[in-house]
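K.L.:
Before I ask anything, let me first share the structure, which is written out below as structure tokens.
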DNA sequence: CTGAAAGCGCTAACAC
DNA sequence: GTGTTAGCGCTTTCAG
């Protein structure tokens with residue numbers, strides 16, 4: 003093994019060398035490596051053995067050059083422009099949600115030997131340059147997480163014929179594939195639960211209304227409550243951060259001091275809401291029941307632990323990865339969407 | 003622009019075409035593209051214009067093939083083996099810390115146009131296969147986050163001459179570069195603070211003792227307290243998770259009901275400790291002062307917000323990226339380490 | 001079923 | 001300075 007460490011530059015084994023060792027042509031080795039059907043079993047074994055002994059692994063660059071495929075997909079996070087004064091802003095990356103997506107993606111991409119390449123797009127120029135860059139790098143497909151309401155990336159990518167799948171429905175309608183959760187089913191679960199535990203003065207903290215998730219979780223909850231006979235649901239808009247949840251809760255409490263149940267559009271805000279509630283002397287869930295959304299780490303960490311609507315993020319991410327792979331295989335398929343069912347997770351807060 | 007969308011397969015512009023348009027040779031175009039010094043300014047402009055009009059972008063695969071460089075670094079997360087029963091285990095990815103590292107890394111890699119490729123290594127076979135894979139994939143360097151105490155990856159990588167930089171000192175000593183925080187300076191800040199606010203019955207919740215960070219934060223704190231005249235510090239070991247913090251706190255409280263100050267080796271555990279403290283009727287910080295470590299999202303989210311030792315994760319990650327770039331440039335440099343100074347962030351808990 | 005040969009798009013000697 | 005010429009390691013017709 004130490005023979006590797008010689009003075010002359012070490013070079014990885016090539017197809018050619020394997021061919022020489024096996025006593026066949028490069029073409030045959032290539033066929034074996036790529037699992038072509040029509041190869042003599044005897045030669046196949048011979049080649050396999052040669053590959054084994056030489057420790058051969060195909061060179062991706064060379065392969066990409068001819069196949070025009072890299073076996074790499076971009077994992078793009080698209081965010082609003084970054085401002086100079088805040089060098090390291092809180093972004094999706096800071097959200098525990100991001101890690102869950104990564105896990106799901108890696109789980110299907112890893113075994114198939116395709117690598118996710120991380121890219122952050124947080125400026126107009128980066129947005130415009132992305133398509134070109136992807137082309138340059140011969141990236142096969144894109145997994146896009148966009149938290150920028152006016153994002154033009156989804157349409158840019160599809161019109162450039164780059165196989166793309168989004169996590170969440172795009173804010174601006176575009177003919178692009180995506181995975182998402184059935185937000186409205188989730189809000190119904192929340193409403194039902196609140197009613198089931200006899201809450202009658204119910205309010206909600208909504209997410210940003212320029213994001214589809216924010217909208218649907220608000221409208222869906224309102225509709226569900228209407229079906230329970232409560233036509234009007236007091237609501238305040240938050241920005242999906244813990245701090246936003248705190249502020250929203252404070253306002254809501256000032257306007258409706260007697261509320262006894264609240265649905266919060268995500269766990270981070272719910273955690274903030276719980277904290278404010280307690281500071282104002284309300285017991286959770288006794289005085290006020292709280293239900294969040296996502297089932298993120300924040301939900302377990304909260305005191306009391308949050309009853310919440312679980313979004314199967316890892317599964318969604320895995321499906322997203324499967325979808326790009328599929329679109330790379332068959333580029334002419336029309337856009338597809340896969341919607342996951344959320345579920346109620348009962349913990350201490352409601 | 004719509005001329006692109008023709009029926010025949012569209013092919014990106016090549017160096018050759020640019021050369022033809024500019025009326026020069028491929029070599030000249032290549033020189034211009036790569037900023038070679040010795041090119042006639044007139045031709046240079048001519049070529050630039052041709053590049054402009056053709057929308058040429060170099061093909062990385064082709065370039066890699068000859069330069070033996072990909073402009074890609076692996077961002078490897080190495081974890082203990084994953085068990086079949088838990089398909090999506092809580093991992094570093096779930097930790098908000100991971101996102102901060104990503105931000106820092108992207109911040110230096112992005113502008114220089116080198117891509118981080120995400121890889122997860124969570125099995126013995128993956129560990130063994132990694133080196134070969136990296137070599138043959140022509141990955142230029144590795145950014146390694148290892149949370150596996152017995153990890154052999156650091157030494158494997160360095161002995162394979164793969165430019166590598168770790169986040170945190172390796173658990174097993176190895177001649178490898180890394181960035182880290184001065185844990186002991188941090189623990190001293192914590193001890194000083196606790197003493198400064200007149201705490202006299204001080205304990206600590208330590209991290210896992212098979213991780214250098216866990217050890218140093220324990221020993222460092224003990225030493226600092228010794229310098230303040232307290233020779234023995236009651237301690238319980240936790241596993242760096244919130245749940246671990248809760249359990250450790252409960253034990254500590256049972257054994258030392260009168261403690262009035264505690265240093266916890268990370269924020270997640272500190273958050274758990276605070277929760278338990280309050281459940282046991284202790285006010286924070288009035289009855290018991292709590293200081294965490296990291297200044298992670300958990301610190302701000304906690305009630306009261308955690309006084310903590312800040313670790314400049316984004317800066318550390320950025321430096322790590324710079325270091326790997328540097329080692330790629332000069333492979334023969336001896337291993338280097340850059341240690342960052344932590345700082346005390348005073349919030350509500352101490 | 002197998003081998004020979006022609007590139008994929010680019011860089012790097014090496015001549016001019 | 002600039003062009004010519006070899007490849008980098010692989011896949012893929014096309015003969016045989």
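Chains as they are written, first to last, in my numbering: chain A, 3 to 352; chain B, 3 to 352.
Yeah, the Cβ is synthetic: ideal placement off N, Cα and C, and Gly gets one too.
As the structure is a computational prediction, the values presented were derived from the model and not from experiment.
Nearest to residue 234 (chain B) by alpha carbon, out of B:244, B:70 and B:222?
P.N.:
For the purposes of this step, residue 234 (chain B) is taken as the residue at position 232 of the second chain. Selected option, being the one with the closest Cα: B:222.
K.L.:
For residue 282 (chain B), write down the residues that DSSP places opposite it in a beta bridge.
P.N.:
Counting from 1 along the second chain, the entry for residue 282 (chain B) is found at position 280. Note: residue 282 (chain B) sits in no beta bridge, so no partner.
K.L.:
Are the CB atoms of residue 301 (chain A) and residue 199 (chain A) nearer to each other than 9 Å?
P.N.:
Counted from its first residue, the first chain places residue 301 (chain A) at position 299. Counted from its first residue, the first chain places residue 199 (chain A) at position 197. Cβ atoms of residue 301 (chain A) and residue 199 (chain A): not closer than 9 Å.
K.L.:
Measuring CB to CB, does residue 314 (chain B) end up less than 9 Å from residue 183 (chain B)?
P.N.:
Counting from 1 along the second chain, the entry for residue 314 (chain B) is found at position 312. Counting from 1 along the second chain, the entry for residue 183 (chain B) is found at position 181. Result yes, Cβ atoms of residue 314 (chain B) and residue 183 (chain B) sit closer than 9 Å.
K.L.:
Taking the beta carbon of residue 244 (chain A) as the centre, do at least 16 other beta carbons fall within 10 Å, making it buried, or is it exposed?
P.N.:
The residue labelled residue 244 (chain A) in the question sits at position 242 within the first chain. It is buried - the Cβ of residue 244 (chain A) has at least 16 other Cβ atoms within 10 Å.
K.L.:
Let me confirm a value: residue 152 (chain B) is counted as buried when at least 16 other C-beta atoms fall within 10 Å, else exposed. Which label applies?
P.N.:
Counting from 1 along the second chain, the entry for residue 152 (chain B) is found at position 150. Burial call: exposed.
K.L.:
Identify every run of the alpha helix (DSSP H) within the region 49-79 of chain A, keeping only runs that are complete inside it and at least 4 residues long; order them along the chain.
P.N.:
For the region 49-79 of chain A, whole alpha helix (DSSP H) runs of length 4 or above, ordered along the chain, are 62-69.
K.L.:
Given that a residue counts as buried once 16 or more other Cβ atoms are within 10 Å of its Cβ, and exposed if not, what is residue 334 (chain A)?
P.N.:
Looking up residue 334 (chain A) in the first chain gives position 332. So residue 334 (chain A) ends up on the exposed side.
K.L.:
Below 8 Å, how does it come out for the region 101-120 of chain A and the region 117-126 of chain B: are there three or more Cβ pairs, yes or no?
P.N.:
At 8 Å Cβ cutoff, the stretches touch.
K.L.:
Residues of chain A with CB closer than 8 Å to the CB of residue 117 (chain B), please, in chain order.
P.N.:
Indexing the second chain from 1 puts residue 117 (chain B) at position 115. Result: 119, 120, 121 and 139.
K.L.:
Kindly say whether residue 93 (chain A), judged by its beta-carbon, lies nearer than 9 Å to any beta-carbon of chain B.
P.N.:
Numbered from 1 along the first chain, position 91 holds the residue referred to as residue 93 (chain A). Yes, its Cβ sits closer than 9 Å to a Cβ of chain B.
K.L.:
May I ask you to report which of helix, strand or coil DSSP gives residue 129 (chain A)?
P.N.:
The residue given as residue 129 (chain A) occupies position 127 in the first chain. Three-state result, residue 129 (chain A): helix.
K.L.:
Would you say residue 288 (chain A) lies against chain B (beta-carbon separation less than 9 Å)?
P.N.:
One-based indexing of the first chain puts residue 288 (chain A) at position 286. Output row for residue 288 (chain A): interface = no.
K.L.:
Within the same chain, show all residues whose beta-carbon is closer than 6 Å to that of residue 348 (chain A), passing over the 5 residues directly before and after it, in chain order.
P.N.:
One-based indexing of the first chain puts residue 348 (chain A) at position 346. Cβ within range, chain order: 309.
K.L.:
Assign residue 55 (chain B) to buried or exposed, taking buried as 16 or more other Cβ atoms, counted over all protein chains shown, within 10 Å of its Cβ.
P.N.:
Residue 55 (chain B) sits at position 53 when you count from the first residue of the second chain. Under this definition residue 55 (chain B) is an exposed residue.
K.L.:
Taking a Cβ distance cut-off of 7 Å, strictly less, list which residues of the region 258-283 of chain B are near chain A, in chain order.
P.N.:
The region 258-283 of chain B vs chain A, Cβ under 7 Å: 273 and 277.
K.L.:
Can you check whether the C-beta of residue 206 (chain A) is within less than 9 Å of a C-beta belonging to chain B?
P.N.:
Taking the first chain and counting its residues from 1, the one referred to as residue 206 (chain A) is at position 204. By this cut-off, residue 206 (chain A) is not an interface position.
K.L.:
From the beta carbon of residue 40 (chain B), is the nearest beta carbon of chain A less than 9 Å away?
P.N.:
As a first step, residue 40 (chain B) must be located in the second chain, where it is residue number 38. Residue 40 (chain B) does not count as touching chain A.
K.L.:
Using only alpha-carbon positions, find the residue among B:140, B:179, B:139 and B:20 that is nearest to residue 155 (chain B).
P.N.:
Taking the second chain and counting its residues from 1, one reaches residue 155 (chain B) at position 153. That would be B:179, whose Cα lies nearest to the Cα of residue 155 (chain B).
K.L.:
CA-CA distance, residue 34 (chain A) and residue 171 (chain B)?
P.N.:
Counted from its first residue, the first chain places residue 34 (chain A) at position 32. Counted from its first residue, the second chain places residue 171 (chain B) at position 169. When rounded, the distance between both Cα atoms is 43 Å.
K.L.:
Give the range of the beta strand (DSSP E) segment to which residue 156 (chain A) is assigned.
P.N.:
Translated into positions along the first chain, residue 156 (chain A) becomes position 154. Segment 155-161 is the alpha helix (DSSP H) holding residue 156 (chain A); no beta strand (DSSP E) there.
K.L.:
At 9 Å on the CB atoms, spell out the chain B contacts of residue 309 (chain A), in chain order.
P.N.:
Counting from 1 along the first chain, the entry for residue 309 (chain A) is found at position 307. Result: empty, since nearest Cβ-Cβ is about 17 Å, beyond 9 Å.
K.L.:
By the three-class DSSP mapping on this structure, what secondary structure does residue 185 (chain B) have?
P.N.:
Position 183 of the second chain, counting from 1, holds the residue named residue 185 (chain B). Residue 185 (chain B): helix per DSSP, three-state reduction.
K.L.:
Using the three-state DSSP reduction, which class does residue 179 (chain B) fall into: helix, strand or coil?
P.N.:
Taking the second chain and counting its residues from 1, one reaches residue 179 (chain B) at position 177. Reduced to three states, the DSSP call for residue 179 (chain B) is strand.
K.L.:
Assuming the contact rule is C-beta atoms closer than 8 Å, residue 262 (chain A) and residue 291 (chain A) should be a hit. Round their C-beta distance to whole Å, please.
P.N.:
As a working note, residue 262 (chain A) is residue 260 in the first chain. As a working note, residue 291 (chain A) is residue 289 in the first chain. About 7 Å separates the two Cβ atoms, so the contact holds.
K.L.:
At a Cβ threshold of 9 Å, is residue 338 (chain A) touching chain B?
P.N.:
Along the first chain, read from residue 1 onward, the residue named residue 338 (chain A) stands at position 336. No - not a single Cβ of chain B is within 9 Å of the one on residue 338 (chain A).
K.L.:
The region 124-138 of chain A: which residues have C-beta closer than 7 Å to a C-beta of chain B, in chain order?
P.N.:
Cβ contacts with chain B come from 134, 137 and 138.
K.L.:
Thinking C-beta only, is residue 136 (chain A) closer than 9 Å to residue 205 (chain A)?
P.N.:
Here the question's residue 205 (chain A) lines up with position 203 in the first chain. Here the question's residue 136 (chain A) lines up with position 134 in the first chain. Cβ distance not < 9 Å, so residue 205 (chain A) and residue 136 (chain A) don't count as in contact.
K.L.:
Can you tell me the Cα-Cα spacing of residue 126 (chain B) and residue 326 (chain B), whole angstroms?
P.N.:
Here residue 126 (chain B) is taken as the residue at index 124 of the second chain, counted from 1. Here residue 326 (chain B) is taken as the residue at index 324 of the second chain, counted from 1. The alpha-carbon atoms of residue 126 (chain B) and residue 326 (chain B) are separated by roughly 25 Å.
K.L.:
Determine the direct distance from the alpha carbon of residue 236 (chain B) to that of residue 108 (chain B), and round the result to whole angstroms.
P.N.:
By 1-based counting over the second chain, the position of residue 108 (chain B) is 106. By 1-based counting over the second chain, the position of residue 236 (chain B) is 234. Cα to Cα, the separation comes out at about 41 Å.
K.L.:
Does the Cβ of residue 344 (chain B) have 16 or more other Cβ atoms within 10 Å, making it buried, or fewer, making it exposed?
P.N.:
Your numbering for residue 344 (chain B) matches position 342 in the second chain. Counting Cβ neighbours within 10 Å, residue 344 (chain B) comes out buried, since at least 16 surround it.
K.L.:
Listing by chain order, which chain B residues have their CB less than 8 Å from the CB of residue 112 (chain A)?
P.N.:
The residue given as residue 112 (chain A) occupies position 110 in the first chain. The answer, in chain order, is 121 and 122.
K.L.:
From the DSSP output, in three-state form, read off residue 345 (chain A) for me.
P.N.:
Within the first chain, the letter at position 343 stands for residue 345 (chain A). In this structure, residue 345 (chain A) counts as strand in the three-state DSSP scheme.
K.L.:
Taking Cβ positions only, does residue 97 (chain A) come closer than 9 Å to chain B?
P.N.:
In the first chain, counting from the first residue as 1, residue 97 (chain A) sits at position 95. Residue 97 (chain A) counts as touching chain B.
K.L.:
Quick one: what's got a C-beta closer than 7 Å to residue 27 (chain B)'s C-beta in the same chain, skipping five residues either side?
P.N.:
For the purposes of this step, residue 27 (chain B) is taken as the residue at position 25 of the second chain. The answer, listed in chain order, is 21.
K.L.:
From the DSSP output, which residues share a beta bridge with residue 118 (chain A)?
P.N.:
For the purposes of this step, residue 118 (chain A) is identified with residue 116 of the first chain, where counting begins at 1. Residue 118 (chain A) is bridged to A:75.
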